[in-house]
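Chemist: Here you go, one structure.
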Amino acid sequence: MEEVTFHARGHEHVRAAHESTFELTSDDWLTPAGDCIVGVEADTTPADLPGAFVEACRDEAARITVELAVDGVDHAVTGRGDPDLTFEGDRSMVFRTSGYVDDRTVMVDADAAATDLDRDLVEALEDGADLTATLRVE
């Protein structure tokens, strides 16, 4: 198992309403239209992930989990890897319920999107709380 922990923070415009993705961005801003973004100022992007982690995720049988933790509230989302994952995105990480892959994608076939996240977690993020994200691949 490979594991990476990184940090981001919430923002007043976090709505977590998107029905097929959620995203963490290294940008320090968020507009109300960004309904998939749940964290800003992420200190890690796909391009920053270690080589061993990336290689493990490029297996279609890889099980990928991200645990989001904010103020004592945790929410885990599980999906899978894909041979087409590039991990070249240098601005944001996207977790997708679909099989679509681009340079920002770190997980496909996720069992939750932004709209499915724990609402206590979302409210804390809307208040600007610090977010710890732990990404694991098996």
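Terminal number for the sequence shown in my numbering: 141, no gaps in between. Note that the Cβ used here is the ideal one computed from N, Cα and C, for glycine as well.
#1: In the DSSP assignment, find the unbroken beta strand (DSSP E) run with alanine 11 in it and report its ends.
#2: Can you tell me the Cα-Cα spacing of leucine 134 and leucine 88, whole angstroms?
#3: Taking DSSP as the reference, what is the three-state secondary structure of aspartate 138?
#4: Less than 7 Å between the beta carbons of alanine 79 and glutamate 70, yes or no?
#5: Going by DSSP in three states, glutamate 22 sits in which element: helix, strand or coil?
#6: Suppose only complete runs of 3+ residues qualify. What are the beta strand (DSSP E) ranges in the region 58-132, listed by chain order?
#7: Thinking C-alpha only, which one of Asp46, Pro86, Gly131 is nearest aspartate 169?
#8: Going by the beta-carbon positions, is the gap between alanine 45 and leucine 27 smaller than 7 Å?
#9: At which residues does the beta strand (DSSP E) containing valine 154 begin and terminate?
#10: Given that a residue counts as buried once 16 or more other Cβ atoms are within 10 Å of its Cβ, and exposed if not, what is alanine 19?
#11: Counting C-beta neighbours from all protein chains within 10 Å, is the total for threonine 100 16 or more, i.e. buried, or is it exposed?
Modeler: The short version:
#1: As a position in the sequence shown, residue 11 is number 8, starting the count at 1. 5-12 is the span of the beta strand (DSSP E), which, as asked, contains alanine 11.
#2: Taking the sequence shown and counting its residues from 1, the one referred to as residue 134 is at position 131. Taking the sequence shown and counting its residues from 1, the one referred to as residue 88 is at position 85. Per the coordinates, the alpha-carbon of leucine 134 lies some 24 Å from the alpha-carbon of leucine 88.
#3: For the purposes of this step, residue 138 is taken as residue 135 along the sequence shown, with counting starting at 1. First, the amino acid is wrong: residue 138 is leucine here, not aspartate. Strand, per DSSP.
#4: In the sequence shown, residue 79 corresponds to position 76, counting from 1. In the sequence shown, residue 70 corresponds to position 67, counting from 1. Note that the C-beta distance between alanine 79 and glutamate 70 is below 7 Å.
#5: Looking up residue 22 in the sequence shown gives position 19. Annotated three-state conformation of glutamate 22 is coil, per DSSP.
#6: 66-73, 76-83, 95-99, 108-110, all fully within the region 58-132.
#7: Nothing in the structure corresponds to residue 169, since the chain is present only between 4 and 141.
#8: By one-based count along the sequence shown, residue 45 stands at place 42. By one-based count along the sequence shown, residue 27 stands at place 24. Yes; because the gap between Cβ atoms is below 7 Å, this pair is in contact.
#9: In this structure the chain extends from 4 to 141, so residue 154 is not present and cannot be described.
#10: The residue you call residue 19 lines up with position 16 of the sequence shown. It is buried - the Cβ of alanine 19 has at least 16 other Cβ atoms within 10 Å.
#11: The count along the sequence shown starts at 1 and reaches residue 100 at position 97. Around the beta carbon of threonine 100, 16 or more other beta carbons sit within 10 angstroms, so the residue counts as buried.
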